[in-house]
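Colleague:
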Amino acid sequence: MKIGVAGIGKMGAGIAARLASLGHEMMVWNRSADKARATGLKMASTPAELAVGSEAVISMLADAAAVNSVYAQMLPAMRGRLFIDMSTVRPDVSQALAQRIHGAGAAFVECPVGGTVGPAREGKLFGFVGGEAAEVARARPILEQLCRRIEHVGPVGAGASMKLAINLPLIVYWQALGEALSLIKHLELDPARAMDILADTSGAPTMMKNRAPAVAAALAGKDNAPTAAIDTLKKDLAEMLAEAQSRGYDAPATRAALEGFERASRAGLGTKDCTSVPVHWLKSATGA
537 MKIGVAGIGK MGAGIAARLA SLGHEMMVWN RSADKARATG LKMASTPAEL AVGSEAVISM
597 LADAAAVNSV YAQMLPAMRG RLFIDMSTVR PDVSQALAQR IHGAGAAFVE CPVGGTVGPA
657 REGKLFGFVG GEAAEVARAR PILEQLCRRI EHVGPVGAGA SMKLAINLPL IVYWQALGEA
717 LSLIKHLELD PARAMDILAD TSGAPTMMKN RAPAVAAALA GKDNAPTAAI DTLKKDLAEM
777 LAEAQSRGYD APATRAALEG FERASRAGLG TKDCTSVPVH WLKSATGA
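Residue 537 is where the sequence shown starts when you use the working numbering, and the numbers rise one by one after that.
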C-alpha cells in the first residue's frame with residue numbers, strides 16, 4: 537500500500553520505519569527536510585505532494601497549529617484517501633478536522649497512541665481510536681500493524697479525550713517524583729539505589745519500572761537523550777488543563793505539575809528529556 541507519513545519526529549520516523557519493514561511503499565514529509573531525508577525513504581517536498589502520492593496518510597505532528605497547517609495544505613488532494621491523525625490534540629481540534637476532511641470527500645480516523653519510539657518500531661503501540669465505524673474498519677489493517685492493542689472508544693474526539701486522560705497521570709508523576717525525592721535527599725543514597733527502591737513499589741507507574749535507570753543517571757548528572765521533551769509534555773499538560781476546564785472540572789494536580797514543567801522550561805530545559813523535571817525540582821525548589 538502507498539502510505540505517507542507527515543511529521544518525522546522520533547515517533548513519526550519509528551512509524552514510517554515499521555510500515556516500510558512490512559513492505560509498504562512509503563513516502564515521508566517533514567517541515568525540516570533533514571529529518572525526512574534521514575529515514576532513507578522517498579520524500580515529499582510538500583504536504584500536498586505527500587497526499588497526492590499516497591492512498592493513506594498518517595500524521596504525527598507537534599500541536600494543533602501544525603495539524604491545521606499541514607492538513608490545510610493537503611486539502612485539495614484529499615478526495616478518496618484515508619487520513620489517520622496520531623497527534624496529541626484536544627477533541628475539538630480532531631472534530632473540526634474531521635468535518636473538513638469529510639467535506640473534501642475523504643475518510644478520517646483519529647488514533648493518538650500510547651508508547652514511545654521502541655514500541656513504534658516494533659508495532660506495539662496502544663491506539664485510542666475515534667471515528668465512524670466504516671472508516672475505522674478501513675484504517676484497522678494499518679493500525680493493526682502499528683499497535684499491540686486498538687480500542688475504538690467512540691466518534692472522532694473520543695480518541696483525543698482518551699489520550700489526554702491516559703497521559704495525565706504519567707506526566708504529573710514526573711513532578712510528583714521530584715517532590716518525593718525531596719523527602720529523601722538528606723539520606724544521601726546512591727541515585728541508582730534510591731530509584732531501584734522507588735521503582736519496586738506500588739506507587740511507581742509501569743513506565744518507571746523501565747525508566748528508573750534513566751532517572752538515576754539524571755540524578756547523577758547525566759544528560760539523557762530525549763524520549764519525551766519537557767516542552768512537549770508542558771504543551772500536553774496545558775491542553776489537559778484547558779480540556780478539563782472546558783468540561784466544568786478543575787484539575788489542581790495538573791495545574792501544579794504544569795507549573796513545575798514551566799519552571800524547568802524557563803530554566804532552559806525545554807528540549808531536555810522529562811527525566812530532567814524531577815532533577816531540576818530537587819535542585820531548585822528549596823523554599824519554593
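No residue lacks a Cβ here, since even glycine has one placed at the ideal position from N, Cα and C.
Please classify SER605: is it buried, with 16 or more other beta-carbons within 10 angstroms of its beta-carbon, or exposed?
Modeller: Position 69 of the sequence shown, counted from the start, is the residue given in the question as residue 605. By the neighbour-count rule (16 or more Cβ atoms within 10 Å), SER605 is not buried but exposed.
Colleague: What three-state label does DSSP hand LEU773 in the structure shown?
Modeller: Walking along the sequence shown from the start, residue 773 turns up at place 237. Of the three classes helix, strand and coil, the one that applies to LEU773 here is helix, per DSSP.
Colleague: Give a yes or no on whether the C-beta atoms belonging to VAL653 and GLY550 are separated by under 7 Å.
Modeller: As a working mapping, residue 653 is identified with position 117 in the sequence shown. As a working mapping, residue 550 is identified with position 14 in the sequence shown. A contact, by the Cβ cut-off of 7 Å.
Colleague: Report the three-state DSSP secondary structure of ARG615 (helix, strand or coil).
Modeller: In the sequence shown, residue 615 corresponds to position 79, counting from 1. DSSP places ARG615 in coil when its eight states are reduced to three.
Colleague: With a cut-off of 8 Å on the beta carbons, I'd call GLY641 and MET610 a contact; round off their distance for me.
Modeller: Your numbering for residue 641 matches position 105 in the sequence shown. Your numbering for residue 610 matches position 74 in the sequence shown. Between MET610 and GLY641 the Cβ distance is about 13 Å, and since that is not below 8 Å, they are no contact.
Colleague: From this set, ARG791, PRO691, ALA584, which residue's C-alpha is nearest ALA632's C-alpha?
Modeller: Residue mapping note: residue 632 aligns to position 96 of the sequence shown, counting from 1. Nearest of ARG791, PRO691, ALA584 to ALA632, Cα basis: PRO691.
Colleague: Give me, in chain order, the residues of the same chain whose beta-carbon lies closer than 7 Å to that of ALA753; leave out the 5 immediate sequence neighbours on both sides.
Modeller: Taking the first residue of the sequence shown as position 1, residue 753 is located at position 217. Same-chain partners within the cutoff: ASN760.
Colleague: Taking its Cβ as the centre, do 16 or more other Cβ atoms sit within 10 Å of TYR785, making it buried, or is it exposed?
Modeller: Position 249 of the sequence shown holds residue 785. Answer is exposed; the Cβ neighbour count stays below 16.
Colleague: Using the beta-carbon count (16 or more within 10 Å), is LYS832 buried or exposed?
Modeller: The chain is shown from 537 up to 824; residue 832 falls before or after that span and cannot be answered.
Colleague: Where do the N-terminal and C-terminal ends of the beta strand (DSSP E) with LYS819 fall, by residue?
Modeller: What you label residue 819 is simply residue 283 of the sequence shown in a count that begins at 1. Per DSSP, LYS819 belongs to no beta strand (DSSP E); it is in the alpha helix (DSSP H), 812 to 820.
Colleague: In three-state terms, what does DSSP make of HIS638?
Modeller: Residue numbering aside, residue 638 sits at position 102 when the sequence shown is read from its first letter. In the structure shown, HIS638 sits in a helix (DSSP, three-state: H, G or I).
Colleague: From what residue to what residue does the alpha helix (DSSP H) around SER718 run?
Modeller: Sequence index remark: in the sequence shown, residue 718 carries index 182 (1-based). It spans 694 to 718 - the alpha helix (DSSP H) in which SER718 sits, taken as one unbroken run.
Colleague: Identify which residue in VAL665, LYS538, ARG802 has its Cα closest to the Cα of MET622.
Modeller: Position 86 of the sequence shown, counted from the first residue, corresponds to residue 622. Per the Cα distances, VAL665.
Colleague: Report yes if the C-beta distance between LYS660 and ARG684 is below 7 Å; otherwise report no.
Modeller: Along the sequence shown, read from residue 1 onward, the residue named residue 660 stands at position 124. Along the sequence shown, read from residue 1 onward, the residue named residue 684 stands at position 148. Yes, Cβ-Cβ distance for LYS660 and ARG684 is below 7 Å.
Colleague: Within the same chain, show all residues whose beta-carbon is closer than 8 Å to that of PRO741, passing over the 5 residues directly before and after it, in chain order.
Modeller: If you number the sequence shown from 1, residue 741 lands on position 205. Excluding sequence neighbours, PRO741 sits near PRO705, LEU706, TYR709.
Colleague: According to DSSP, is LYS571 helix, strand or coil?
Modeller: Position 35 of the sequence shown holds residue 571. Helix at LYS571.
Colleague: Expressed to the nearest angstrom, what Euclidean distance is found between the alpha-carbon atoms of ALA634 and GLY693?
Modeller: Walking along the sequence shown from the start, residue 634 turns up at place 98. Walking along the sequence shown from the start, residue 693 turns up at place 157. The alpha-carbon atoms of ALA634 and GLY693 are separated by roughly 9 Å.
Colleague: Taking all protein chains shown into account, decide if ILE720 is buried (16 or more other Cβ within 10 angstroms of its Cβ) or exposed.
Modeller: Within the sequence shown, the letter at position 184 stands for residue 720. It is exposed - the Cβ of ILE720 has fewer than 16 other Cβ atoms within 10 Å.
Colleague: When the distance is taken between beta carbons, is ALA800 closer than 7 Å to VAL813?
Modeller: Locating residue 813 in the sequence shown gives position 277, counting from the first residue. Locating residue 800 in the sequence shown gives position 264, counting from the first residue. Contact: yes.
Colleague: If we ignore side chains and look at the alpha-carbon of each, how far apart do THR768 and ALA774 end up?
Modeller: Against the sequence shown, residue 768 aligns to sequence position 232. Against the sequence shown, residue 774 aligns to sequence position 238. Those two C-alpha atoms are separated by around 10 Å.
Colleague: Along the chain, where does the alpha helix (DSSP H) containing LYS745 start, and where does it finish?
Modeller: Taking the sequence shown and counting its residues from 1, one reaches residue 745 at position 209. Counting along the chain, the alpha helix (DSSP H) containing LYS745 begins and ends at 742 to 755.
Colleague: Rounded to whole angstroms, what is the Cα-Cα separation between GLU585 and ARG554?
Modeller: Translated into positions along the sequence shown, residue 585 becomes position 49. Translated into positions along the sequence shown, residue 554 becomes position 18. Rounded to the nearest angstrom, the two C-alpha atoms are 22 Å apart.
Colleague: Curious, which full-length alpha helix (DSSP H) runs of at least 4 residues does the segment 558 to 611 contain?
Modeller: List check, alpha helix (DSSP H) in window: 569 to 574, 583 to 588, 600 to 610.
Colleague: Out of TRP817, LYS546, LEU777, state which residue places its alpha-carbon closest to the alpha-carbon of GLY651.
Modeller: Counted from its first residue, the sequence shown places residue 651 at position 115. If we check each option's Cα against that of GLY651, LYS546 comes out closest.
Colleague: Spatial neighbours of ASN566 within its chain, please: C-beta separation below 7 Å, excluding the five flanking residues on both sides.
Modeller: For the purposes of this step, residue 566 is taken as residue 30 along the sequence shown, with counting starting at 1. Closer than 7 Å at Cβ, skipping near neighbours: GLY543, ILE544, ALA572.
Colleague: Roughly how many angstroms lie between the CA atoms of ALA587 and ALA580, to the nearest whole one?
Modeller: Position 51 of the sequence shown, counted from the start, is the residue given in the question as residue 587. Position 44 of the sequence shown, counted from the start, is the residue given in the question as residue 580. So the alpha carbons of these two residues sit roughly 9 Å apart.
Colleague: How many Å lie between ARG657 and ASP809 at the Cα?
Modeller: Here residue 657 corresponds to residue number 121 of the sequence shown, with the count starting at 1. Here residue 809 corresponds to residue number 273 of the sequence shown, with the count starting at 1. Between ARG657 and ASP809, the C-alpha separation is close to 20 Å.
Colleague: Have a look at the DSSP bridge pairing and note the partners of PHE662.
Modeller: The residue given as residue 662 occupies position 126 in the sequence shown. PHE662 pairs with GLY650, ARG685.
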